[in-house]
Amino acid sequence: GDSVTQMEGPVTLSEEAFLTINCTYTATGYPSLFWYVQYPGEGLQLLLKATKADDKGSNKGFEATYRKETTSFHLEKGSVQVSDSAVYFCALSDGGSGNTPLVFGKGTRLSVIA
Amino acid sequence: DAGVIQSPRHEVTEMGQEVTLRCKPISGHDYLFWYRQTMMRGLELLIYFNNNVPIDDSGMPEDRFSAKMPNASFSTLKIQPSEPRDSAVYFCASSPRVWSNGGNEQFFGPGTRLTVL
Numbered sequence: 398g399d400s401v402t403q404m405e406g407p408v409t410l411s412e413e414a415f416l417t418i419n420c421t422y423t424a425t426g427y428p429s430l431f432w433y434v435q436y437p438g439e440g441l442q443l444l445l446k447a448t449k450a451d452d453k454g455s456n457k458g459f460e461a462t463y464r465k466e467t468t469s470f471h472l473e474k475g476s477v478q479v480s481d482s483a484v485y486f487c488a489l490s491d492g493g494s495g496n497t498p499l500v501f502g503k504g505t506r507l508s509v510i511a
Numbered sequence: 002d003a004g005v006i007q008s009p010r011h012e013v014t015e016m017g018q019e020v021t022l023r024c025k026p027i028s029g030h031d032y033l034f035w036y037r038q039t040m041m042r043g044l045e046l047l048i049y050f051n052n053n054v055p056i057d058d059s060g061m062p063e064d065r066f067s068a069k070m071p072n073a074s075f076s077t078l079k080i081q082p083s084e085p086r087d088s089a090v091y092f093c094a095s096s097p098r099v100w101s102n103g104g105n106e107q108f109f110g111p112g113t114r115l116t117v118l
């Protein structure tokens, strides 16, 4: 079945450091890819998404590019802030003809220190 | 829109008691999902509905768990009897109808933190 593998955390960075969180996937179809973020005490919220190969999703300084050849969707940010401390989830939806549920990775906890 | 609403936000109960979690999806969304999040197992899909009809409940852990969606604006997840291992954060999410390229966004509620003593 479909699956998502993301790097295990926790990841601790200093403010203004460069962030990469790796995500790879396996899917039987042609999935859409997502990054969700969960701030402490809150539900998940969509950070960015990409629906086809070579698409780049971006939001709040975060970027991820859909790489079909390497089945990857790595999350990057050039300069992290303390407010970026959260848990980040990579996910896919192998939609086909219906709205199938998201398949989530296990999440990567990011802590940014001042 | 107020977003997905869940109640209660926190629930503490004793083993053996019945627990009911509630969810109000975003108006107009056709899909509703129930998830459970624990440190050990991460985020797990329990069940999802399309137009109030359960589509896949294979993630429901056992018969103690049941979910209903009597109408488009309300869903419940019930645990009876509850056990300490049910302690987790339970999320409800809703989603509009799929787009042609698949993979529509899901909107999550704030979750219900359940503690079973």
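Protein chains in written order, with this note's numbering: chain V, 398 to 511; chain S, 2 to 118.
All C-beta atoms in this analysis are idealised placements derived from N, C-alpha and C, irrespective of residue type, glycine included.
task: Please confirm if the segment 79-92 of chain S is in contact with the segment 16-25 of chain S, defined as three or more CB-CB distances below 8 angstroms between the two stretches.
output: Touching, yes, given that three or more Cβ pairs across the two stretches are closer than 8 angstroms.
Among V/K503, V/S480 and V/I510, nearest to S/T39 - alpha-carbon criterion:
Position 38 of the second sequence holds residue 39 of chain S. Per the Cα distances, V/K503.
Who are the Cβ neighbours of V/D452 in its own chain at under 6 angstroms, not counting the five residues just before and after it? Taking the first sequence and counting its residues from 1, the one referred to as residue 452 of chain V is at position 55. These residues qualify, in order along the chain: Y463.
Just to make sure I have the definition right: I need the residues of chain S whose C-beta is within less than 8 angstroms of the C-beta of V/G504. Which are they?
Start at 1 with the first residue of the first sequence, and residue 504 of chain V comes out as number 107. Think of a sphere of 8 angstroms around the beta carbon of V/G504: the chain S residues whose beta carbon falls inside it are G43 and L44, in chain order.
### Query
According to DSSP, which residues form a beta bridge with S/Q81?
The residue you call residue 81 of chain S lines up with position 80 of the second sequence. The partner list for S/Q81 (beta bridge, DSSP) is empty, contrary to what the question assumes.
When the Cα of S/A94 is compared with those of V/L443, V/I418 and V/D481, which residue comes out closest?
Within the second sequence, numbered from 1, the residue matching residue 94 of chain S stands at position 93. Residue V/L443 is the option with its Cα nearest to S/A94.
field: V/Q435 to S/T113 span [Cα, whole Å]
entry: To locate residue 435 of chain V, count along the first sequence from 1; it is residue 38. To locate residue 113 of chain S, count along the second sequence from 1; it is residue 112. In a straight line, the C-alpha of V/Q435 is about 14 angstroms away from that of S/T113.
Which residues in chain B have a C-beta closer than 8 angstroms to the C-beta of V/E439? List them in chain order.
Judged by its chain identifiers, the structure shown contains no chain B, and its protein chains are V and S.
Buried or exposed (CB count within 10 angstroms, at least 16 for buried), S/L47
If you number the second sequence from 1, residue 47 of chain S lands on position 46. S/L47 should be labelled buried.
Between V/K465 and the rest of its own chain, which residues show a CB-CB distance below 7 angstroms, the 5 nearest in sequence each way excluded? Locating residue 465 of chain V in the first sequence gives position 68, counting from the first residue. Here the set comprises A450.
**Item:** Chain-ordered chain S contacts of V/L499 [CB-CB under 7 angstroms]
**Value:** Counting from one through the first sequence, the residue named residue 499 of chain V turns up at place 102. Counting only Cβ-Cβ distances below 7 angstroms, V/L499 has contacts in chain S at Q107, in chain order.
Against chain V, does S/V54 count as a neighbour if the rule is that its beta carbon must be under 9 angstroms from one of theirs? Taking the second sequence and counting its residues from 1, one reaches residue 54 of chain S at position 53. No, S/V54 lies away from the interface with chain V (no Cβ there is under 9 angstroms from its Cβ).
Same chain, Cβ closer than 6 angstroms to V/E473, five either side skipped, listed in chain order | Taking the first sequence and counting its residues from 1, the one referred to as residue 473 of chain V is at position 76. Setting aside the 5 residues that flank it on each side, V/E473 is surrounded in the same chain by T417 and E460, each with a C-beta closer than 6 angstroms to its C-beta; the list follows chain order.
Item to complete: Using three-state DSSP, classify V/S476 as helix, strand or coil.
Response: Here residue 476 of chain V is taken as the residue at index 79 of the first sequence, counted from 1. In this structure, V/S476 counts as coil in the three-state DSSP scheme.
For S/S74, which residues of its own chain have a beta-carbon under 8 angstroms away from its beta-carbon, when the five flanking residues on both sides are left out?
-> For this step, residue 74 of chain S is matched to residue 73 along the second sequence. K25, P26 and S28.
Quiz prompt | Candidates V/L489, V/H471, V/S508 and V/F501: closest to V/D481 by CA position | solution = Here residue 481 of chain V corresponds to residue number 84 of the first sequence, with the count starting at 1. For the residues V/L489, V/H471, V/S508 and V/F501, the minimum Cα distance to V/D481 belongs to V/S508.
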